[in-house]
Each structure stands twice: as structure tokens, then as C-alpha cells.
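Here the structure is laid out as C-alpha cells; the discussion comes afterwards.
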Amino acid sequence: MKHKGFTLIELMIVIAIIGILSVIAIPKFVDLVDKAKEASTLGNLGALKSAIAIYYGDNEGVYPYRLDKNSYTVRGVVIPAFIPKYMEDIPVVKLRR
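Numbered by our numbering, the letters in the sequence shown go through residues 302 to 398 in order.
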């Protein structure tokens with residue numbers, strides 16, 4: 302009489318192999334996620350740099366500076382429209398702690 306299926310030893314070997322593969326794969330996956338976040342941040346910084354350069358050119362060589370959370374100023378004049386004109390929004394980076 303032939304029995305179909307795995308023996309206990311075969312199941313233990315398969316579970317051990319799966320465990321070894323997961324130990325190898327998980328750190329590589331975490332590293333890829335970190336690299337993707339880094340690339341996204343670099344892209345956001347490039348977009349912000351471009352927006353500030355365009356603003357600088359449009360405003361006679363004067364950079365914007367921030368007064369509070371929602372306003373920017375040039376020569377004492379508050380410019381709340383800086384963000385929509387030069388960027389859709391300011392990118393935010395979420396860091397691990």
C-alpha cells in the first residue's frame with residue numbers, strides 16, 4: 302500500500318528551507334524600501350530646488366523666507382501664494398525613529 306504525502310522529516314526540511322530563504326530575503330527587501338524612499342526624497346529635493354530657482358529669477362534675485370506655517374515673505378510682503386504658483390505642495394519626508 303502506497304502512502305501519498307510528505308513524511309515528518311520531509312516537512313521539517315521544507316520548513317527549514319523556507320525559514321532560511323526568508324532570513325535571506327527580508328533584509329534585502331527592507332534595504333530596497335529604504336533605497337526607494339531615498340530616491341523619492343532626492344526627487345522631491347530636486348523639485349523644491351527648481352521651484353526656488355524659478356522664484357529667485359521671478360523676484361529679482363530675492364529668495365523667499367518663511368514667517369509662519371502658511372506664509373512666505375519677500376521684502377516684508379507676505380506671499381501666501383508661493384506654494385500654488387511654484388509647486389503643488391511642499392513634499393514631506395517621513396523618517397523612521
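Built from N, CA and C at the ideal position, the CB exists for glycine as well.
Residue i versus residue j: straight-line alpha-carbon distance, rounded
i	j	result
residue 325	residue 303	37 angstroms
residue 312	residue 335	35 angstroms
residue 322	residue 362	57 angstroms
residue 348	residue 341	11 angstroms
residue 319	residue 358	58 angstroms
residue 330	residue 308	33 angstroms
residue 339	residue 306	47 angstroms
For residue j and residue i, believed in contact at Cβ under 8 angstroms, the rounded distance
i	j	result
residue 353	residue 364	7 angstroms
Among the options, the one whose alpha carbon lies nearest that of residue i
i	options	result
residue 389	351, 362, 357 and 343	351
residue 360	339, 330, 387 and 344	387
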